[in-house]
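Peer 1: Residue numbers (the working numbering): 3 to 236. No residue lacks a Cβ here, since even glycine has one placed at the ideal position from N, Cα and C. These numbers were taken from a predicted model, which means no experiment stands behind them. Quick one: the structure is below, questions incoming.
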């Protein structure tokens with residue numbers, strides 16, 4: 003952050019987008035799962051948490067009061083921070099934690115009306131990039147089974163959709179089926195549209211009743227077709 007401020011003529015950037023992340027999916031009982039979970043938490047959660055703290059300390063400094071325009075802090079979570087799937091135990095908690103931090107900051111930053119900061123959380127689905135290829139190396143077959151109808155999108159496409167949502171001022175930014183997941187998990191998160199989000203959040207338990215039955219049935223059927231799963235050394 004010190005380098006960024008110096009490069010920007012002594013002024014902190016108005017927009018900070020935390021993008022760094024990894025995914026190391028595997029079964030929770032696998033030998034390497036706890037180590038992978040710690041690594042995912044370090045990169046996905048603490049990496050963004052430390053960056054957000056550093057930039058907020060810059061933005062909220064007394065000399066930054068009544069800045070020319072509002073600042074924007076953007077955190078990158080995942081649709082798995084809205085809906086969990088089997089096989090992502092080391093990864094999913096780090097993204098839920100990040101979303102929890104964002105919800106907290108969205109309220110907490112109202113303490114600083116003279117230093118307006120808008121918080122956003124981008125929740126993309128599967129992105130077809132090098133990280134996705136690495137992810138597939140440790141992914142358990144049941145995760146492939148549950149995701150078989152998912153179509154990964156290119157990085158440029160995901161970025162365009164995210165930027166479009168940010169320009170609309172959305173808090174939870176996602177696309178396609180991600181909106182259904184957002185409505186189903188919205189809880190106490192800030193709303194993108196109070197009326198639409200409230201109505202759809204009331205409707206989603208019916209959808210999830212069907213979806214969860216199907217997904218749980220897929221997992222149970224997969225287990226019946228294959229030998230008993232044992233923890234593996236990865």
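Return yes when the Cβ of residue 187 is within less than 9 angstroms of the Cβ of residue 111, no when it is not.
Peer 2: No, the Cβ-Cβ distance between residue 111 and residue 187 is not below 9 angstroms.
Peer 1: Give, in chain order, every unbroken run of the alpha helix (DSSP H) that is at least 4 residues long and sits entirely within the stretch 17–53.
Peer 2: Counting whole runs of 4 or more residues, the stretch 17–53 contains the alpha helix (DSSP H) stretches 35–42.
Peer 1: Quick one, which of 79, 72, 40, 31 has its alpha-carbon nearest residue 23's?
Peer 2: Selected option, being the one with the closest Cα: 79.
Peer 1: Can you list, in chain order, the residues of its chain with a C-beta nearer than 7 angstroms to that of residue 97? Leave out the 5 residues immediately preceding and following it.
Peer 2: Hits under 7 angstroms: 46, 79, 80, 82, 83.
Peer 1: Taking 9 angstroms as the threshold (C-beta atoms), are residue 123 and residue 173 in contact?
Peer 2: The answer is yes: Cβ separation under 9 angstroms.
Peer 1: In angstroms with no decimal places, state the Cα-to-Cα distance between residue 3 and residue 73.
Peer 2: Cα-Cα distance, rounded: 15 angstroms.
Peer 1: I'd like the list of long-range same chain contacts for residue 131, defined as Cβ closer than 7 angstroms, with 5 residues on each side in sequence excluded.
Peer 2: 157.
Peer 1: With DSSP run on the structure shown, which of helix, strand or coil describes residue 181?
Peer 2: Residue 181: helix per DSSP, three-state reduction.
Peer 1: From residue 228 to residue 212, what distance separates their C-alpha atoms?
Peer 2: So the alpha carbons of these two residues sit roughly 25 angstroms apart.
Peer 1: Hey, residue 25 and residue 102 are a contact pair by Cβ (cut 8 angstroms); roughly how many whole angstroms apart?
Peer 2: Residue 25 to residue 102, Cβ: 18 angstroms. No contact.
Peer 1: Which complete beta strand (DSSP E) runs does the stretch 55–122 hold, if anything under 3 residues is left out?
Peer 2: The qualifying runs are 73–78.
Peer 1: Out of 171, 41, 125, which has the shortest C-alpha to C-alpha gap to residue 178?
Peer 2: The shortest Cα separation from residue 178 among 171, 41, 125 belongs to 125.
Peer 1: Can the beta-carbon of residue 224 be found closer than 9 angstroms to that of residue 149?
Peer 2: The answer is no: Cβ separation not under 9 angstroms.
Peer 1: Quick check: what's the CA-CA separation for residue 116 versus residue 90?
Peer 2: Roughly 41 angstroms separates the two Cα atoms.
Peer 1: Taking 9 angstroms as the threshold (C-beta atoms), are residue 27 and residue 142 in contact?
Peer 2: Cβ atoms of residue 142 and residue 27: closer than 9 angstroms.
Peer 1: If you drop the 5 nearest sequence neighbours on each side, which residues of the same chain put their C-beta closer than 8 angstroms to that of residue 210?
Peer 2: Here the set comprises 186.
Peer 1: Between which two residues does the alpha helix (DSSP H) carrying residue 188 extend?
Peer 2: Element bounds for residue 188: n/a, residue is neither H nor E.
Peer 1: CB residue 1 to CB residue 108, shorter than 9 angstroms?
Peer 2: The question about residue 1 has no answer, for the chain in this structure spans 3 to 236.
Peer 1: According to DSSP, which residues form a beta bridge with residue 130?
Peer 2: According to DSSP, residue 130 bridges with 156.
Peer 1: Within a Cβ cutoff of 6 angstroms, which residues of the same chain sit near residue 16, ignoring the five residues on either side of it in sequence?
Peer 2: Closer than 6 angstroms at the Cβ level, and outside the excluded window around residue 16, lie 73.
Peer 1: Less than 8 angstroms between the CB atoms is what I'm expecting for residue 152 and residue 128, so what's the real figure, rounded?
Peer 2: At roughly 5 angstroms, the Cβ-Cβ gap stays under 8 angstroms, so residue 152 and residue 128 are in contact.
Peer 1: Would residue 30 pass as a contact of residue 92 if the rule is Cβ separation under 9 angstroms?
Peer 2: Their beta carbons are under 9 angstroms apart, which means residue 30 touches residue 92 by this criterion.
Peer 1: Answer with buried or exposed for residue 63, where buried requires no fewer than 16 other C-beta atoms within 10 angstroms of its C-beta.
Peer 2: Label assigned to residue 63: exposed.
Peer 1: Would residue 222 and residue 145 be called neighbours here (beta carbons separated by less than 9 angstroms)?
Peer 2: No; because the gap between Cβ atoms is not below 9 angstroms, this pair is not in contact.
Peer 1: Taking C-alpha atoms, which residue in 205, 49, 138 lies nearest to residue 20?
Peer 2: Nearest option by C-alpha distance: 49.
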